[in-house]
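Read through the structure below, which is laid out as structure tokens, and then see the notes.
There are 2 protein chains.
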Amino acid sequence: MLSGVGEQSPEGRSAPGAHGGPDVLLDPVELHGSVTDPVLASMTLLNDIVGRFPDAVSFAAGRPYEGFYAPESLARWLRLFERHLARDLGQGPEEIRRTLFQYGRTKGFIHRLIAAQLQQDEALAVDAESVVVTTGCQEAMVLALRALRRDARDVVMAALPAYVGFLGAARLVDMPVRGVRENADGIDLDDLQRQIRLARGEGLRPRACYVVPDFANPSGASMPAAARERLVELAARDDLLLLEDNPYSLFHAGGGRLPTLKSLDRSRRVLYFGSFAKAAFAGGRVGYVVADQPMTGGGLLADELAKLKSMLTLNTSTVAQAVIGGYLLENDCSLVRATTREAAVYRRNLRAVLHGLEKRFEAGTGVCWNVPRGGMFTVLTVPFRADDAMLEYSAREFGVLWTPMHHFYGGRGGFRQLRLSFSVLEPDEIERGLDRLAGLVADRTPVAQAAERFEPAG
Amino acid sequence: MLSGVGEQSPEGRSAPGAHGGPDVLLDPVELHGSVTDPVLASMTLLNDIVGRFPDAVSFAAGRPYEGFYAPESLARWLRLFERHLARDLGQGPEEIRRTLFQYGRTKGFIHRLIAAQLQQDEALAVDAESVVVTTGCQEAMVLALRALRRDARDVVMAALPAYVGFLGAARLVDMPVRGVRENADGIDLDDLQRQIRLARGEGLRPRACYVVPDFANPSGASMPAAARERLVELAARDDLLLLEDNPYSLFHAGGGRLPTLKSLDRSRRVLYFGSFAKAAFAGGRVGYVVADQPMTGGGLLADELAKLKSMLTLNTSTVAQAVIGGYLLENDCSLVRATTREAAVYRRNLRAVLHGLEKRFEAGTGVCWNVPRGGMFTVLTVPFRADDAMLEYSAREFGVLWTPMHHFYGGRGGFRQLRLSFSVLEPDEIERGLDRLAGLVADRTPVAQAAERFEPAG
Numbered sequence: 001m002l003s004g005v006g007e008q009s010p011e012g013r014s015a016p017g018a019h020g021g022p023d024v025l026l027d028p029v030e031l032h033g034s035v036t037d038p039v040l041a042s043m044t045l046l047n048d049i050v051g052r053f054p055d056a057v058s059f060a061a062g063r064p065y066e067g068f069y070a071p072e073s074l075a076r077w078l079r080l081f082e083r084h085l086a087r088d089l090g091q092g093p094e095e096i097r098r099t100l101f102q103y104g105r106t107k108g109f110i111h112r113l114i115a116a117q118l119q120q121d122e123a124l125a126v127d128a129e130s131v132v133v134t135t136g137c138q139e140a141m142v143l144a145l146r147a148l149r150r151d152a153r154d155v156v157m158a159a160l161p162a163y164v165g166f167l168g169a170a171r172l173v174d175m176p177v178r179g180v181r182e183n184a185d186g187i188d189l190d191d192l193q194r195q196i197r198l199a200r201g202e203g204l205r206p207r208a209c210y211v212v213p214d215f216a217n218p219s220g221a222s223m224p225a226a227a228r229e230r231l232v233e234l235a236a237r238d239d240l241l242l243l244e245d246n247p248y249s250l251f252h253a254g255g256g257r258l259p260t261l262k263s264l265d266r267s268r269r270v271l272y273f274g275s276f277a278k279a280a281f282a283g284g285r286v287g288y289v290v291a292d293q294p295m296t297g298g299g300l301l302a303d304e305l306a307k308l309k310s311m312l313t314l315n316t317s318t319v320a321q322a323v324i325g326g327y328l329l330e331n332d333c334s335l336v337r338a339t340t341r342e343a344a345v346y347r348r349n350l351r352a353v354l355h356g357l358e359k360r361f362e363a364g365t366g367v368c369w370n371v372p373r374g375g376m377f378t379v380l381t382v383p384f385r386a387d388d389a390m391l392e393y394s395a396r397e398f399g400v401l402w403t404p405m406h407h408f409y410g411g412r413g414g415f416r417q418l419r420l421s422f423s424v425l426e427p428d429e430i431e432r433g434l435d436r437l438a439g440l441v442a443d444r445t446p447v448a449q450a451a452e453r454f455e456p457a458g
Numbered sequence: 001m002l003s004g005v006g007e008q009s010p011e012g013r014s015a016p017g018a019h020g021g022p023d024v025l026l027d028p029v030e031l032h033g034s035v036t037d038p039v040l041a042s043m044t045l046l047n048d049i050v051g052r053f054p055d056a057v058s059f060a061a062g063r064p065y066e067g068f069y070a071p072e073s074l075a076r077w078l079r080l081f082e083r084h085l086a087r088d089l090g091q092g093p094e095e096i097r098r099t100l101f102q103y104g105r106t107k108g109f110i111h112r113l114i115a116a117q118l119q120q121d122e123a124l125a126v127d128a129e130s131v132v133v134t135t136g137c138q139e140a141m142v143l144a145l146r147a148l149r150r151d152a153r154d155v156v157m158a159a160l161p162a163y164v165g166f167l168g169a170a171r172l173v174d175m176p177v178r179g180v181r182e183n184a185d186g187i188d189l190d191d192l193q194r195q196i197r198l199a200r201g202e203g204l205r206p207r208a209c210y211v212v213p214d215f216a217n218p219s220g221a222s223m224p225a226a227a228r229e230r231l232v233e234l235a236a237r238d239d240l241l242l243l244e245d246n247p248y249s250l251f252h253a254g255g256g257r258l259p260t261l262k263s264l265d266r267s268r269r270v271l272y273f274g275s276f277a278k279a280a281f282a283g284g285r286v287g288y289v290v291a292d293q294p295m296t297g298g299g300l301l302a303d304e305l306a307k308l309k310s311m312l313t314l315n316t317s318t319v320a321q322a323v324i325g326g327y328l329l330e331n332d333c334s335l336v337r338a339t340t341r342e343a344a345v346y347r348r349n350l351r352a353v354l355h356g357l358e359k360r361f362e363a364g365t366g367v368c369w370n371v372p373r374g375g376m377f378t379v380l381t382v383p384f385r386a387d388d389a390m391l392e393y394s395a396r397e398f399g400v401l402w403t404p405m406h407h408f409y410g411g412r413g414g415f416r417q418l419r420l421s422f423s424v425l426e427p428d429e430i431e432r433g434l435d436r437l438a439g440l441v442a443d444r445t446p447v448a449q450a451a452e453r454f455e456p457a458g
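Just so you know, the protein sequences line up as chains Z and P, in that order.
If you're matching positions, the first sequence starts at 1 in my numbering and goes up one per residue.
If you're matching positions, the second sequence starts at 1 in my numbering and goes up one per residue.
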């Protein structure tokens, strides 16, 4: 069938129509490949499993802590922002009305507040014109990848395991992701260079490399300062852009913060992605990208990304921008100041998880984990296969949820690893959850060991 | 250069770096084709021209009327929605907090209110599960086109002149648009069938046809009831989906409303796109698509589109959804009721424009226009070339702005036509603007006629 819209077959595949006629019937394989891609499909499956066990302790949710959310703050932030428009920007009633309600500037209207925040919190001096305010950081990633995928030769590099949202964004614009090894210090720079050479040898163009330098999702790994310097130099030398995603650096475990790649960037190789999802609130969908790369015809990459955005979402929701604008104003444009309570919660929870793992899994149990210096995630390696089936078993038999790591490898690794996310939990839930996890490990380890006696290297 | 990231050349193309080093320099032609596509580039150019003449009377702005916007309504709508969560949906404080602040349901949380509105205003009985709430209708179009573009054979049909946002969305996902002729009764169904045959003859798969049945942007054309029936039948017979975009039907000139294609759809061939941009407010970016097509593996097309949305924007901004939810609740889920004042303004303005054109351009002046039965646009045909250069001349010399129609033909026609948009104007501005337009016509017509004596068919 040429059109790809399936006619009902004589075998009765038609469903009852709303008005009595035979319904069209669509086949997912006739749609864009992203629809059936394992990356997207697995997230749906994962959400299904998690949704079926609402009473389990969940180390699966990558959501921010909810304890400080207060509905009355929304109206307060709106008021603060309206006052800012009048007092600081000198807008009259008609202009304020237009700012809040009308189609607006494609690059957004809280760009100056964002630039002020980056100056204060990150010592980054960015031109507000290089900021594109987006519908969450996710849209920003799609815009950058869409721009960089010109034809079949363009690829993007990323340390694996990688954030699923990045893999999905790449899939949406048909941009292949070339995996790079990750170690305890983040992306393996030697492997990055090797992979770039390999890709070029195949006639491909590695356009950029995606990096989360601080407390990466899912691994929790962080890059030391020296590695950051080396990566920025490598990008300049090897003619590569860096896509720096920084959702977690506010939430260090007490060891302080390291410079962003962007602050080390001497040749504008870095596109810097930011988000208010973890600092303010997740549902608002306000993020941004700093794209200060100059274009040959004049202007900045930000302006090119804005052209694409004008065909994707037109502008970031004015009311969402106003609310986040008010939040920034209330906190003197410092997220460090705004998130002291949240940072304390994540620090407390990280300590509780690491301490709880130590108590439960002695050396010799075959269980090990990394010790992140901050963030919301740690990765556990277990002596048995930790896939979706095991997750379901874990939920049903032991009442504890986690995320199989193979999802972050695009299904090409991590089958004995699981991600523990502890951002939304209270200490007693962490204790209860780790007890249940210990139960699962005690239950499955002997079975796996017995199986391996017959099938080594299983 | 393999990576597509331009090194600074020895001829000194490098700009000064933020930290003293040589800057990267990017070439637009090394980016995705949409960046330099005439559709997107021309809109930027157009906005530039319009922006340089802030004091001109503007028939160019496609924005909704601003006179009834009131900042205090935002907090009121938020309160109404919060009360709805508590009273109607029985959510406790913790659940309300989660709804308003946390990552949420990908398909949105005001889907039931939207289904109620469609039932009331359009007599459409849609399953709320088939509604995907999106970041404006624009995102909904991108999602549908992304899903339908599987490979190089997939194309979409659209009546030309077409809404630029649709052309841009298609460009973003590399979906070619095959133009179909439009006449006073909207899309030319014979030409549609011819174009489908032609495309299939070339080995292509026409997946869908984009239609605005009521007061189309830019032409103002509407489809009579019989043509709607014929189009829905054609789609079923010719194995095509219909993408029905309905932003304007609320704003008829007094002649009442005709059935939507979706309400005539007996085999779920129609994806129905809706928006709150014109009814509530434009900047909020809340729209939706009803995609109730069943999938072979179970579920609805809406669920497949949600998968794509989860990698594009995750969820539609919770605060934007809450505000629009409150707006719907305040108006008992009827946009017909909610927009009586706006409809009266557009009706008044359409009358003023049509009456004003009659007064100024007699038969014989070579100027003609269509008489839309509603909406925000009418199209003027003039006896001279009405392109971007002429627009600039018109703004500079006569202080009046309009939109060259060739932008809506993808640059392949409409060079003697201009779109008059009258949605944001007051009656005195319309009078003043038409006077200035008459001045332009009087000025340019003799010049064009003289030129044509030498160069016929210019």
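Quick reminder that beta carbons are idealized off the backbone N, C-alpha and C, glycines included.
Starting from residue i and walking both ways along the alpha helix (DSSP H), at which residues does that stretch end?
i, result
"alanine 236 of chain Z", "225–237"
"alanine 438 of chain Z", "427–454"
"tyrosine 346 of chain Z", "340–360"
Does residue i pass the burial test, meaning 16 or more other C-beta atoms within 10 Å, or should it be called exposed?
i, result
"glutamine 449 of chain Z", "exposed"
"arginine 149 of chain P", "buried"
"leucine 113 of chain P", "buried"
"lysine 262 of chain Z", "buried"
"phenylalanine 454 of chain Z", "exposed"
"alanine 352 of chain Z", "buried"
"glycine 90 of chain Z", "exposed"
"threonine 340 of chain P", "exposed"
"alanine 125 of chain P", "exposed"
"lysine 359 of chain Z", "exposed"
"proline 446 of chain Z", "exposed"
For residue i, collect the residues of the same chain with a Cβ closer than 7 angstroms to its Cβ; drop the 5 residues on either side in sequence, then sort them by chain order.
i, result
"valine 39 of chain P", "Val164, Leu167, Gly168, Arg171, Gly410"
"proline 259 of chain P", "Ala225, Arg228"
"aspartate 174 of chain Z", "Arg149"
Looking at the C-beta of residue i, does it have a partner C-beta in chain Z at a distance below 8 angstroms?
i, result
"asparagine 315 of chain P", "yes"
"lysine 359 of chain P", "no"
"valine 177 of chain P", "no"
"leucine 160 of chain P", "no"
"tyrosine 103 of chain P", "yes"
Which residues mark the beginning and the end of the beta strand (DSSP E) in which residue i is found?
i, result
"methionine 141 of chain P", "Counting along the chain, methionine 141 of chain P falls outside any beta strand (DSSP E), though it belongs to the alpha helix (DSSP H) covering 136–148."
"alanine 159 of chain Z", "154–159"
"aspartate 245 of chain Z", "241–245"
To the nearest angstrom, report how far apart residue i and residue j are at their CA atoms.
i, j, result
"glutamate 94 of chain P", "leucine 46 of chain Z", "24 angstroms"
"arginine 146 of chain Z", "valine 156 of chain Z", "11 angstroms"
"isoleucine 110 of chain P", "leucine 271 of chain P", "18 angstroms"
"arginine 257 of chain Z", "leucine 250 of chain Z", "8 angstroms"
"aspartate 388 of chain Z", "arginine 205 of chain Z", "35 angstroms"
"glutamate 202 of chain Z", "valine 379 of chain P", "53 angstroms"
Does the CB of residue i have a neighbour CB from chain P at under 8 angstroms?
i, result
"glutamate 66 of chain Z", "yes"
"valine 142 of chain Z", "yes"
"serine 58 of chain Z", "no"
"valine 323 of chain Z", "yes"
"isoleucine 96 of chain Z", "yes"
"serine 3 of chain Z", "With a pLDDT of only 31 at serine 3 of chain Z, under the threshold of 50, the placement of this residue in the model should not be trusted; the figure read from the coordinates follows. Answer yes: the Cβ-Cβ gap between serine 3 of chain Z and chain P drops below 8 angstroms somewhere."
"glutamate 82 of chain Z", "yes"
"glutamate 233 of chain Z", "no"
Leaving out five residues before and five after residue i in sequence, what residues of the same chain have Cβ atoms less than 6 angstroms from its Cβ?
i, result
"lysine 278 of chain Z", "Pro64, Pro247"
"alanine 494 of chain Z", "Residue numbering for chain Z in the displayed model covers 1 to 458; residue 494 of chain Z lies beyond these limits and cannot be assessed."
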